[in-house]
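Participant:
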Amino acid sequence: MKAALTPLSTSDGRGLDYLLFPPAGGTVRTFGPLAGAVRANVWGAEYPGHGDRLAETPAASVEDLAAPLAEELTRDWFSRAVVIGFGMGAFVALETAQRLGVAPASLIVVDACAPQRRSPDKNAKTAASAMGRVFGRTGLTPVAGYRDAPESWEYALDLLLGDLQLLNAYRGPARTRLSCPIAAIRGADDLAFASGDDATGGWRVWTSGPFVGRVVPGGHLGVLEAGREAEFWARIHRLEAAFLDVEPEVA
Numbered sequence: 406m407k408a409a410l411t412p413l414s415t416s417d418g419r420g421l422d423y424l425l426f427p428p429a430g431g432t433v434r435t436f437g438p439l440a441g442a443v444r445a446n447v448w449g450a451e452y453p454g455h456g457d458r459l460a461e462t463p464a465a466s467v468e469d470l471a472a473p474l475a476e477e478l479t480r481d482w483f484s485r486a487v488v489i490g491f492g493m494g495a496f497v498a499l500e501t502a503q504r505l506g507v508a509p510a511s512l513i514v515v516d517a518c519a520p521q522r523r524s525p526d527k528n529a530k531t532a533a534s535a536m537g538r539v540f541g542r543t544g545l546t547p548v549a550g551y552r553d554a555p556e557s558w559e560y561a562l563d564l565l566l567g568d569l570q571l572l573n574a575y576r577g578p579a580r581t582r583l584s585c586p587i588a589a590i591r592g593a594d595d596l597a598f599a600s601g602d603d604a605t606g607g608w609r610v611w612t613s614g615p616f617v618g619r620v621v622p623g624g625h626l627g628v629l630e631a632g633r634e635a636e637f638w639a640r641i642h643r644l645e646a647a648f649l650d651v652e653p654e655v656a
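Under the numbering used here, read the sequence shown as residues 406 to 656, first letter to last.
1. Decide yes or no for the touch test of the stretch 418-432 against the stretch 481-501: beta carbon pairs closer than 8 angstroms, at least 3 of them.
2. Look up Ala647 in the DSSP assignment and say whether it is helix, strand or coil.
3. When the Cα of Gly492 is compared with those of Arg582, Leu644, Leu413, Leu569, which residue comes out closest?
4. Could you check which residue in Gly454, Ser466, Ala498, Phe436 has the C-alpha nearest to that of Val447?
5. Where does Tyr560 fall in DSSP's three states?
6. Measure the C-alpha to C-alpha separation of Phe616 and Val433 and round it to an integer number of angstroms.
7. What's the gap between the Cα of Ser511 and the Cα of Ser466?
8. Buried or exposed for Ala549, please, with buried defined as at least 16 other CB atoms from any protein chain shown within 10 angstroms of its CB.
9. Compare the Cα-Cα distances from Arg582 to each of Asp563, Leu572, Val610 and report the closest residue.
10. Please list the segments of the alpha helix (DSSP H) lying wholly inside the stretch 478-512, counting only runs of 4 or more residues, in order along the chain.
11. In this structure, how does DSSP classify Thr612 when only helix, strand and coil are distinguished?
12. Tell me which same chain residues have a C-beta within less than 7 angstroms of the C-beta of His625, skipping the five on either side of it?
13. What residue does the alpha helix (DSSP H) around Leu439 start on, and which one ends it?
14. Flag this pair as yes or no: are the beta carbons of Pro463 and Ala409 separated by less than 8 angstroms?
15. In chain order, what residues of the same chain have a beta carbon less than 8 angstroms from the beta carbon of Ala502, not counting five sequence neighbours either side?
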């Protein structure tokens, strides 16, 4: 079995460590451009049956995606890392933290409805409707030029559909709040939130610490589009600064 964590970039400095969780259909290759655009230690979580772990049996649930990650991570390292979950990765990150029994330095969720606001059937349909746009992004498919390679297309399609099935069956994590800051980011044009769902504010109840919600330009996972890497990290650093100015919730 290959390691669940993949180092994507390293820094000689003493800055923060970042742990990135891919969206449905994603692999750690999703984050190649992002990792190359920041001077920090960046790690990616590879799910079984995805990417370099293709030979492994895919997980049967979102909870099963988190279990091997929790086994590989140490509580000390995780507590010092900034964890960023994209789409489905937000739920995997939260499940991982609950299994470890420790909060990360901060949790940033991108284009993911708060667990208690989810409508699994609707979310799955929205994600499926965006399939073409998702497949158009480097890293969400295993081989460049996949449009000319039917086997690569089938691989990418199987990954996405399999993950959407996990999302559709997922009923949410245990209602245990974290103590770390949480930031929730969503695209202004993300169809999952077109009905006015307060998906960003809904994450507030999952922490006793500071909370920040942000709406950014673009659609679902638009922050992963090529050329937006510097913009992404600038936003992350602003959020980190904002956490210092937000008072934690009083229990």
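In this text, a Cβ means the ideal position worked out from N, Cα and C, and glycines have one as well.
The structure displayed is predicted, hence computed values, not measured ones.
Facilitator: In terms of the structure at hand:
1. These segments touch.
2. For the purposes of this step, residue 647 is identified with residue 242 of the sequence shown, where counting begins at 1. Helix.
3. Position 87 of the sequence shown, counting from 1, holds the residue named residue 492. The shortest Cα separation from Gly492 among Arg582, Leu644, Leu413, Leu569 belongs to Leu569.
4. As a first step, residue 447 must be located in the sequence shown, where it is residue number 42. When only C-alpha atoms are compared, the closest one is Phe436.
5. Position 155 of the sequence shown holds residue 560. Helix.
6. In the sequence shown, counting from the first residue as 1, residue 616 sits at position 211. In the sequence shown, counting from the first residue as 1, residue 433 sits at position 28. As the crow flies, the alpha-carbon of Phe616 is around 27 angstroms from that of Val433.
7. Taking the sequence shown and counting its residues from 1, the one referred to as residue 511 is at position 106. Taking the sequence shown and counting its residues from 1, the one referred to as residue 466 is at position 61. Ser511 and Ser466: Cα-Cα distance of roughly 25 angstroms.
8. Looking up residue 549 in the sequence shown gives position 144. Because the pLDDT of Ala549 is 36, which lies under 50, any placement of that residue in the model is unreliable, and the number read from its coordinates should be weighed accordingly. Flag for Ala549 reads exposed.
9. Walking along the sequence shown from the start, residue 582 turns up at place 177. Checked all of Asp563, Leu572, Val610; the closest Cα to Arg582 is Val610.
10. Listed in chain order, they are 480-485, 493-505.
11. Here residue 612 refers to the residue found at position 207 of the sequence shown. The answer is strand: DSSP assigns Thr612 an E or B state.
12. Here residue 625 is taken as the residue at index 220 of the sequence shown, counted from 1. If we look at His625 and ignore the five residues flanking it on each side, its Cβ neighbours are Asp516, Ala535, Gly592, Asp595, Leu596, Ala597.
13. Here residue 439 refers to the residue found at position 34 when the sequence shown is read from its first residue. Bounds of the alpha helix (DSSP H) holding Leu439 are 437-440.
14. Numbered from its first residue, the sequence shown carries residue 463 at position 58. Numbered from its first residue, the sequence shown carries residue 409 at position 4. No, these two residues do not count as a Cβ contact at 8 angstroms.
15. Start at 1 with the first residue of the sequence shown, and residue 502 comes out as number 97. Around Ala502: Phe483, Val488, Ala508, Pro509, Leu512, Leu583.
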